[in-house]
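Enquirer: Supplied in structure tokens, the structure appears directly below.
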């Protein structure tokens with residue numbers, strides 16, 4: 034029988050880090066598949082990573098394992114209709130994001146809620162998010178809805194991806210939450226939207242912004258700017274400071 038673990042050969046001292054393929058079911062019956070990375074030491078902080086279209090959780094693989102090696106629980110999931118998250122409980126039909134309506138995409142917030150529930154079931158007490166493109170919009174929605182979430186790194190967020198509108202979400206963020214808006218000059222009007230979202234975010238929220246000249250869209254930024262991974266991990270560490 035095939036092992037449920039995928040070895041990534043990431044080492045910290047004498048310890049090797051592995052990703053565990055996990056599954057859970059959303060409130061509306063979609064089976065979500067993800068990669069869970071356990072921290073190398075006991076800790077209570079966790080990060081949820083949400084990919085862009087048409088990518089999968091694999092687009093976060095390098096970032097996820099480096100983050101886990103810095104003592105975070107990390108969960109990267111395939112959003113519904115992507116990758117392996119294509120089944121609904123009790124149905125033989127296949128979910129495919131390419132045929133989704135805007136309303137179908139908006140239901141992806143159920144994937145995030147279930148993923149957060151999963152992390153809390155692992156004993157994680159404090160959670161932050163990292164999202165790319167539509168995953169960034171969903172991350173904003175999640176932290177606006179749940180004040181217990183510490184904040185999010187938002188790679189190429191938009192004003193409106195498939196009906197997921199972000200200006201109302203940033204205005205609802207709570208005192209003490211943190212957001213990091215990231216965009217690239219070579220990505221259409223992404224920088225304009227990043228600056229607009231930053232400006233619309235209330236002063237009670239800790240907010241940062243970074244713009245690259247050539248970074249591309251979403252997780253492409255990590256490919257073009259690999260050193261930015263370390264900057265993001267440093268920012269995530271500060272997310273949990275008292």
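Numbering (the numbering used here), first residue to last: 34 to 275. Built from N, CA and C at the ideal position, the CB exists for glycine as well. Computed from a prediction, not measured in an experiment: that's the story for all the values here.
Tell me which residues share the same chain as residue 203 and place their Cβ nearer than 6 Å to its Cβ, disregarding the 5 neighbours each side in the sequence.
Expert: 230, 233 and 234
Enquirer: Below 8 Å, can you find three or more Cβ-Cβ pairs linking the segment 203 to 221 to the segment 143 to 154?
Expert: no
Enquirer: What whole-angstrom Cβ distance do residue 165 and residue 228 have, given they're in contact under 8 Å?
Expert: Rounded, the Cβ-Cβ distance is 18 Å, inconsistent with contact.
Enquirer: If we ignore side chains and look at the alpha-carbon of each, how far apart do residue 74 and residue 54 end up?
Expert: 20 Å
Enquirer: At 4 residues or longer, what runs of the alpha helix (DSSP H) sit wholly inside the segment 100 to 184?
Expert: 135 to 139, 142 to 154 and 167 to 178
Enquirer: Would you mind reading off the limits of the beta strand (DSSP E) that contains residue 243?
Expert: 239 to 245
Enquirer: Can you name the start and end residues of the beta strand (DSSP E) that residue 217 belongs to?
Expert: Residue 217 -> beta strand (DSSP E) spans 211 to 217.
Enquirer: When DSSP labels each residue in this structure, what does residue 255 get in the three-state scheme?
Expert: helix
Enquirer: Taking C-alpha atoms, which residue in 272, 63, 219 and 58 lies nearest to residue 126?
Expert: 63
Enquirer: Leaving out five residues on either side along the sequence, give the residues of the same chain with a beta carbon under 7 Å from the beta carbon of residue 45.
Expert: Because residue 45 carries a pLDDT of 42, less than 50, the predicted location of this residue cannot be relied on, and no value is offered for it.
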